[in-house]
Amino acid sequence: AKVMRKVQFIESYDYGDSQAVIRSFNPRNALPQVTTHFHRRPADTIWQTWYYLAQGNRGFIGWVDKWFDGSKPRSWHKAVAPHYKEAGQKIGPLVGGAEWIHDGVAVYYSHPSLQLNWIIDAESHTDTWKNRFTDATISGAHLARKAWLNMLRDEGIQFTLVDYATVIQDGVPAEYKVLILPAANALSDVEARRIKAFCQAGGTVIADYMPGLWDQHGRGRKAGGALDDLFGVKHDPNMRARDVFQKDMWAEINQDVHYSLKSYESHLGQNTSIKHSSGFNKAVRKMGVDKVVKVGKGTAVLMNLSPVWYNAHRVNGIKPAAQREVFMKHVKAAGPKRWVRIDKAGEEVFGYEITYWTKGGRTLLFVVTNAERRANMLGGGNSVGLKTAEVAITLKFDGKLRDVRDERAGKNLGSGS
């Protein structure tokens, strides 16, 4: 968050949803944000082109290794070239200088919490933890945030991440209706006061589990969680590993056993956590779940559930993914909701995402596939289970639109809903 206030250009491989993080800390899309591809297959490269453009990317860095047979370009160039040309010359210029539109949802970015969770995860590795290089793929905090972001995307609700430095200095911006705290376990006293003030003023605060049990330096709080009074609970400061998630460690997942991520189900399934009937693991074993209290003009919700299982649910399709409702019902109750959708969307289009930007008095809208992806040292896309079939879609809007235009086809569509 602090680095983003200083840099003038950034390349990101999308580790740990870093593209969404960077986009959130890049007002009016002013700073050129790019990613890199090494080209695995044409469909993946084409998908990356459009997906990351829809997220605000301004270009790609392409590594030319294995691009040529002798002096001749390989055949896949013919497949991807038209998309590069269209994105670069026709659609890309529309996004330059545009401003992201969110639906009133802020997702909290707490760097101290990421650091704390890194330490908690490292417990299972013991002395070998410093040699581990797949943190963004298997870490509890990253998987929790990824689950939250994909639940929102699949629900048709767009968001912005709000960083701890901004909240400490200025509070939670009033433009948001909802503040989500994903694995925000390490919070300062100032952050706690700012979050409470947001709720008192009418905002809805939703935490998944153990919010603020540690301070910003990773020290356990002797009196319990910094937000316990907000959520109307009491976390016992004498809790031990046996009281949360698994019986023998603080982490939800034994990363040493599941170091090589083959599937989310195998990653999550073989442990001693209590799986709640909602389809998600309990955090504090003896605490209730889904607690809602009114605070001033606002609402505070403590789930005491980890959202990480959603990463497995959405891979398994539209029906298992519907289990997100236990989390999403609180977001929608606060006001944010889907305002544009694919009509009669079924399994063939599940996982679609609609992003929207504003520029020059117009709204720019992208419909893309939010494919499961495993970013690694070979670039930021690397989709898994990418849907490539062409499907005709009809968009439905909650309200009337004027002067609609299909920019890719260069066709005016008139007005309507």
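1 is the number of the first residue of the sequence shown in full-length UniProt numbering; add one for each residue after it. Using N, Cα and C, we set each Cβ at its ideal position, and we do this for glycine too. As the structure is a prediction and not an experimental result, all values here were calculated from the model.
Where residue i sits in the DSSP three-state scheme
i: S71; result: coil
i: K396; result: strand
i: K213; result: It should be pointed out that residue 213 corresponds to Leu in this sequence rather than to Lys. Three-state DSSP puts L213 in coil, outside helix and strand.
i: V292; result: strand
i: I159; result: Note on residue identity: the sequence assigns Phe, not Ile, to residue 159. Reduced to three states, the DSSP call for F159 is strand.
i: D406; result: strand
i: A165; result: helix
i: K90; result: helix
i: L227; result: coil
i: V367; result: strand
i: I318; result: helix
i: T272; result: coil
i: G416; result: strand
i: A54; result: helix
i: N281; result: strand
i: V105; result: strand
i: L31; result: coil
i: L152; result: helix
i: R5; result: helix
i: K146; result: helix
Residue burial classification, residue i (beta-carbon count within 10 angstroms, cutoff 16)
i: S266; result: exposed
i: Q255; result: buried
i: F9; result: exposed
i: P27; result: exposed
i: V95; result: buried
i: L114; result: buried
i: R23; result: buried
i: S110; result: buried
i: N316; result: exposed
i: P237; result: exposed
i: S273; result: buried
i: R153; result: buried
Residues of its chain near residue i, where Cβ-Cβ distance is below 6 angstroms and the 5 sequence neighbours each way are ignored
i: Y52; result: T35
i: W63; result: F38
i: G212; result: L187, A192, G225, A226 and L227
i: L261; result: T137, I138 and H267
i: I318; result: E347 and F350
Residue i - containing alpha helix (DSSP H), residue span
i: D189; result: D189 to Q200
i: T128; result: Premise fails: T128 is in no alpha helix (DSSP H) and is neither H nor E.
i: Y352; result: No alpha helix (DSSP H) holds Y352; the beta strand (DSSP E) holding it covers Y352 to K359.
i: F38; result: Unbroken run through F38: none, as it is neither H nor E.
i: R23; result: S18 to S24
i: V331; result: E325 to A333
i: A122; result: H111 to A122
i: V80; result: W76 to K85
Same chain, Cβ closer than 8 angstroms to residue i, five either side skipped, listed in chain order
i: G296; result: C199, Q200, A201 and G202
i: W67; result: H39, P73, R74 and H77
i: I119; result: G218
i: V404; result: N412, L413, G414, S415 and G416
Beta-carbon proximity list for residue i, same chain, < 7 angstroms, skipping 5 on both sides
i: W148; result: V107, I180, P182 and P307
i: G171; result: R194, A197 and F198
i: G335; result: G104 and K177
i: L143; result: V308 and N311
i: D293; result: The amino acid at residue 293 is misidentified as Asp; the sequence shows Val. Closer than 7 angstroms at the Cβ level, and outside the excluded window around V293, lie F231, G232 and A300.
Cβ-Cβ distance between residue i and residue j below 8 angstroms
i: A283; j: V244; result: yes
i: H102; j: T160; result: yes
i: A371; j: V384; result: yes
i: A98; j: V368; result: no
i: R341; j: G140; result: no
i: L116; j: Y209; result: no
i: G16; j: A136; result: yes
i: W339; j: D398; result: yes
i: R314; j: N150; result: yes
i: W309; j: G351; result: no
i: A165; j: A184; result: no
i: F231; j: L302; result: yes
i: K400; j: G416; result: yes
i: V205; j: A300; result: yes
i: I163; j: A1; result: This sequence places Asp at residue 163; Ile is not what is there. In this structure, A1 lies closer than 8 angstroms to D163 by Cβ.
i: V80; j: P42; result: yes
i: A251; j: S124; result: yes
i: Q270; j: V257; result: yes
i: Q158; j: T355; result: yes
Endpoints, the beta strand (DSSP E) within which residue i is located
i: A389; result: Looking at the DSSP string, A389 is not in any beta strand (DSSP E), and its letter there is neither H nor E.
i: F299; result: The question names Phe, yet the displayed sequence has Thr at residue 299. Looking at the DSSP string, the run of the beta strand (DSSP E) that includes T299 is G298 to L302.
i: I253; result: Neither: I253 is in no beta strand (DSSP E) and is coded neither H nor E.
i: K171; result: A quick correction: the sequence has Gly, not Lys, at residue 171. That residue, G171, is in no beta strand (DSSP E); it is neither H nor E in DSSP.
i: V178; result: V178 to L181
i: F60; result: G59 to G62
i: V205; result: T204 to A207
i: R341; result: V340 to I342
Closer than 8 angstroms to chain C by CB, residue i
i: L365; result: Looking at the structure shown, chain C is missing, and only one protein chain is on hand.
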